[in-house]
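Notes to accompany the following structure.
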Amino acid sequence: MAGLDHWQSDSAVGSIGLPLIAQFDVIMDITAESLWLRPAPPKRRLPMLKDRSGFGLAVSPSALTVAHVAAHSPAEMSGWSIGDQIVRIDGRPINASYTRGELWRWRFLPAGTHVRLVDGSGIVRRLTLADYY
């Protein structure tokens with residue numbers, strides 16, 4: 189399977205993430221360099237999640253590492269940079285259960301929601317979620 193070293197490209201018009209792709213049955217034919225998307229039947233579709241933070245995050249057992257900051261997003265407006273780490277969200281530590289529990293949903297809360305993020309230096313940084321795109 190191929191992967192990208194960087195999330196941003198000068199030649200890309202846009203990018204899509206897993207919440208959008210999850211709306212489809214996906215068929216990849218690597219030998220033919222093709223990808224087919226077929227709308228999943230309504231009963232099997234997952235709810236469409238809308239990220240309101242502007243972060244692309246890499247998960248580890250004790251932190252979230254910022255891998256991407258979307259232009260004009262709350263993350264960018266709050267001064268976050270690639271490589272920064274988040275170790276707590278609203279007082280809850282990042283741990284190995286982050287993706288299995290409910291904590292991961294914080295980025296998809298309603299616009300206007302205030303979130304307290306603690307960075308790798310222990311500094312509390314407030315982020316207000318917004319519809320930025």
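Taking my numbering, the leading residue of the sequence shown gets 189, the next gets one more, and so forth.
All residues carry an ideal CB built from backbone N, CA and C; glycine is no exception.
Following the continuous alpha helix (DSSP H) through residue i, name the residue where it begins and the one where it ends.
i, result
"M236", "Per DSSP, M236 belongs to no alpha helix (DSSP H) and is neither H nor E."
"P227", "It is not in any alpha helix (DSSP H) - P227 instead sits in the beta strand (DSSP E) that spans S222 to P227."
"A263", "P262 to M265"
Apart from the five residues on each side of it in sequence, which residues of its chain come closer than 8 Å, Cβ to Cβ, to residue i?
i, result
"K238", "P207, F296 and D319"
Can you name, in chain order, every residue of its own chain whose Cβ lies under 6 Å from the Cβ of residue i, other than the five neighbours on each side?
i, result
"L252", "L245, I274 and I282"
"L223", "M216"
Looking at the secondary structure, which residues open and close the beta strand (DSSP E) in which residue i lies?
i, result
"G308", "Segment: none, G308 is in no beta strand (DSSP E) and carries neither H nor E."
"Q273", "Q273 to I277"
"D213", "F212 to D217"
Around the C-beta of residue i, are 16 or more other C-beta atoms found within 10 angstroms, so that it is buried, or is it exposed?
i, result
"A263", "buried"
"V312", "exposed"
Excluding sequence positions up to five away, which residues of its chain have a Cβ less than 7 Å from the Cβ of residue i?
i, result
"A255", "W195, G244, L245, A246 and I270"
"L225", "F212 and V214"
"H302", "R314 and T316"
Looking at the strands, I want to know which residues DSSP matches up with residue i.
i, result
"A246", "T253"
Return the Cβ separation of residue i and residue j in integer angstroms, given the expectation that the two are a contact with Cβ distance under 8 Å.
i, j, result
"P249", "A284", "5 Å"
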